[in-house]
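Novice: In my numbering, the protein residues as written are 441 to 683. Cβ coordinates follow ideal geometry from the N, Cα and C atoms, glycine included.
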């Protein structure tokens, strides 16, 4: 698994993929948080990083599929997946290696946003007038969210040998699991009956819960379950070549 992990990391940063991902992510967040007047934290009367954690999921929906779309689609297209199969590696080790490599790239992209926290911390009046606990919880929520999207993305990539198809499918699935259940819960058939249960099926509900700064084991179990299910489905998808 470590070999696959290092190979993927090397691929990301030996080409423009890794740098483009980090640059686009930080560029979009920087514009929203400091340039656009409607969302600029400089125009707020209180210290907050809500803009970062509100906009990050929307960026992730497109950014993470762009990272994961080549994971297996390229291997299937070039036939190198068969070379991997001849190595002393199980399908699970291959999947986990690619999963952790893609997740590491996303976490690497998140690290520079700590500068935003430092900036807001210094701008607070008095200095440090910031809910650091909620912010740490929000960062943890972002990492769980990224891990769930990466698991969905590599599953979508394993279904095809076309990277564009993998990207579109992963984007659709990420949007579906993040927001679709929230929208469904507002339908008259669910309102006042099971609307809260429908919301709990979606990722957004649990991400918002962690972002409040309270780490609930139910939210952690939910994210780990989503990640585990999609990784298991990816392993099953890879095993199709043996059928």
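#1: Helix, strand or coil for residue 484? Go by DSSP, reduced to three states.
#2: Throw me the rounded Cβ distance for the residue 655 and residue 577 pair, which I believe falls under 8 Å.
#3: In whole angstroms, give me the CA-to-CA distance for residue 556 and residue 618.
#4: Can you give me the C-alpha to C-alpha distance between residue 658 and residue 528, rounded to a whole angstrom?
#5: Take the Cβ of residue 516 as the centre, count every other Cβ of all protein chains shown within 10 Å, and call the residue buried at 16 or more, exposed below.
#6: Does DSSP put residue 516 in a helix, in a strand, or in coil?
#7: Report all residues from its chain with a CB closer than 7 Å to the CB of residue 500; omit the five preceding and five following residues, and keep chain order.
#8: Return the chain-ordered list of same chain residues with a C-beta closer than 7 Å to the C-beta of residue 462, the five sequence neighbours on each side being excluded.
#9: Is the beta carbon of residue 641 sitting closer than 8 Å to the one on residue 670?
#10: Distance, Cα to Cα, residue 469 vs residue 615?
#11: Just to confirm, are residue 541 and residue 449 a CB contact at a threshold of 8 Å?
#12: Look at the Cβ atom of residue 667, then the Cβ atom of residue 544, and state whether they are nearer than 8 Å.
#13: Give me the Cα-Cα distance between residue 459 and residue 663, rounded to the nearest whole angstrom.
#14: In terms of residue numbering, what span does the alpha helix (DSSP H) encompassing residue 478 cover?
#15: Would you mind working out which of 650, 629, 605, 536 sits nearest residue 443, comparing C-alpha positions?
#16: Just curious, the alpha helix (DSSP H) that residue 658 is in, first and last residue?
#17: Does DSSP put residue 640 in a helix, a strand or coil?
#18: Using a 10 Å radius around the Cβ and a threshold of 16 neighbouring Cβ atoms, would you call residue 676 buried or exposed?
#19: Looking at the structure shown, is residue 560 part of a helix, part of a strand, or coil, going by DSSP?
#20: In chain order, what residues of the same chain have a beta carbon less than 7 Å from the beta carbon of residue 613, not counting five sequence neighbours either side?
#21: In the structure shown, what three-state DSSP assignment does residue 500 receive?
#22: Quick check: the Cα distance between residue 624 and residue 639, rounded to an integer number of angstroms?
#23: Report the CB separation of residue 594 from residue 512 in whole angstroms; it is logged as a contact under 8 Å.
#24: Would DSSP call residue 505 helix, strand or coil?
Specialist: Inspection of the coordinates gives the following:
#1: coil
#2: 6 Å
#3: 25 Å
#4: 37 Å
#5: buried
#6: helix
#7: 585, 586, 589
#8: 548, 549
#9: no
#10: 19 Å
#11: yes
#12: no
#13: 28 Å
#14: Careful: residue 478 lies outside any alpha helix (DSSP H) and carries neither H nor E.
#15: 536
#16: 657-678
#17: helix
#18: exposed
#19: helix
#20: 592, 596
#21: helix
#22: 8 Å
#23: 7 Å
#24: helix
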